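S.K.:
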Amino acid sequence: MSIFKDGEQIKTGKSNTTTIMEFVLLGFSDIPNLRWILFGIFSLLYLTILMCNSIIILITIMDPILQIPMYFFLSNFSFLEICYVTVTIPRMLMDLCTQKGNISFLACAAQMCFVLMLGGTECLLLTVMAYDRYVAICNPLHYSVVMSHKFCTQLVTASWILTAPVVIGQTWQIFSLPFCGSNKINQFFCDIPPVLKLACGDTFVNEIAVYVVAVVFVMVPFMLIVVSYGKIISSILKLSSAKGRTKAFSTCSSHLIVVVLFYGTAGITYLQPTPNLSEGMGKLISLFYTILIPTLNPIVYTLKNKDIMLALRKLFTKLLP
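Be aware that the sequence shown starts at 715, since it is given in our numbering, and climbs by one per residue.
1. Name, in chain order, the residues that DSSP records as bridge partners for L1001.
2. Under 8 Å, do L752 and G815 count as touching if we go by C-beta distance?
3. Within 10 angstroms of its Cβ, does H856 collect 16 or more other Cβ (buried), or is it exposed?
4. Thinking C-beta only, is L832 closer than 8 Å to S873?
5. Quick one: is A823 buried, meaning 16 or more other Cβ sit within 10 Å of its Cβ, or exposed?
6. When the Cβ atoms of the segment 975-985 are set against those of the segment 994-1006, are three or more pairs found closer than 8 Å?
7. Buried or exposed for T841, please, with buried defined as at least 16 other CB atoms from any protein chain shown within 10 angstroms of its CB.
8. Taking the beta strand (DSSP E) that L739 falls in, what are its first and last residues?
9. According to the Cβ coordinates, are I796 and N767 closer than 8 Å?
10. I need the DSSP call for M1023, collapsed to helix, strand or coil.
11. Would you report the Cα separation of P783 and F1030, rounded to the nearest angstrom?
12. Using three-state DSSP, classify I817 as helix, strand or coil.
13. Which residue wins for smallest C-alpha separation from C966, given the options M776, F742, V849 and T762?
14. Measure from the alpha carbon of P1008 to the alpha carbon of each residue in Y977, D777 and M735, then state which is nearest.
15. Excluding five sequence neighbours on each side, which residues of the same chain lie with their C-beta closer than 6 Å to the C-beta of F889?
16. Starting from L758 and walking both ways along the alpha helix (DSSP H), at which residues does that stretch end?
17. To the nearest whole angstrom, what separates the beta carbons of G944 and T877, a pair I think is in contact under 8 Å?
18. Could you tell me whether the Cβ atoms of M843 and H969 are closer together than 8 Å?
19. Within the same chain, show all residues whose beta-carbon is closer than 7 Å to that of T686, passing over the 5 residues directly before and after it, in chain order.
20. Around the C-beta of I773, are 16 or more other C-beta atoms found within 10 angstroms, so that it is buried, or is it exposed?
21. How many whole angstroms separate the CB atoms of L830 and V881, which I take to be in contact at a CB cut-off of 8 Å?
22. Please classify S955: is it buried, with 16 or more other beta-carbons within 10 angstroms of its beta-carbon, or exposed?
23. L788 and I770 - do their beta-carbons sit closer together than 8 Å?
Okay, here's the thing in structure tokens:
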């Protein structure tokens, strides 16, 4: 038996097979000349995400005008975005600095688990936010009764909890596979498609399981959002006042933009029984839904929302009189 400590593998003489003990995230190693430029760009994006989402959370807590369910959900969404990018970006920045993408088997599994869990929570939370807009526009007289603080808290709690057991089970299933070939993951984080490519043997069952879970946590929530917005648009078009229609559309447009961006990229990645994207394209799409879209989300929500802009002006007036 021979052990290779730095090679991230242990070779057993009996079966003449190699068991992977850790992976190597290749990340952007194919463009080493740009690593410091990428480090600067991603650091700036990460700080932007942290700052913008933290400000949204702060004003939704402090400003009395924003003490309604819509902004309660938005503050939870902002906190979720902070958690979501923190799982991937700091690790990627460290790899860009050191040019070493070594990640232990356990750390890789944990990163995948948290990315999937937070991604699934985002799908559910976006659905809850669509339901909130549906009740506000289609049933405004009963809005305060239906969307009580207790019910809103239950919806948010369910969004955070429901994905956990499914994702933990799926992650355990994937990392229970034998990995006996290459240990190089051509991605900047441990994502399902590139990890499954490294597994030995038949991964058909795992690919189907990934597809089924994606349908449940991506496609079903997306269809519920489509149904909600179908009814919302129908109700808005029935309004006699042009000003009322404009106001109703403006309260929904930000959420709708975020839904299209997030579900579009996540669906391309996971809603395929057999992932057939090229590695370069897969990496590019992953950049969109893990970094670029979380950067755009707070900007979209603030620029298109008069209440938030007013709350921001109040906050800056207090801080910078």
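The beta carbon of each residue, even a glycine, is placed where N, CA and C say it ideally should be. Please read all numbers here as calculations on a predicted model, not as lab measurements.
M.R.: Reading from the atomic positions:
1. According to DSSP, L1001 bridges with nothing at all.
2. no
3. exposed
4. no
5. buried
6. yes
7. buried
8. E736 to L739
9. yes
10. helix
11. 24 Å
12. strand
13. V849
14. Y977
15. A823
16. R749 to M776
17. That pair is no contact at about 26 Å.
18. yes
19. The question about residue 686 has no answer, for the chain in this structure spans 715 to 1035.
20. buried
21. 5 Å
22. exposed
23. yes
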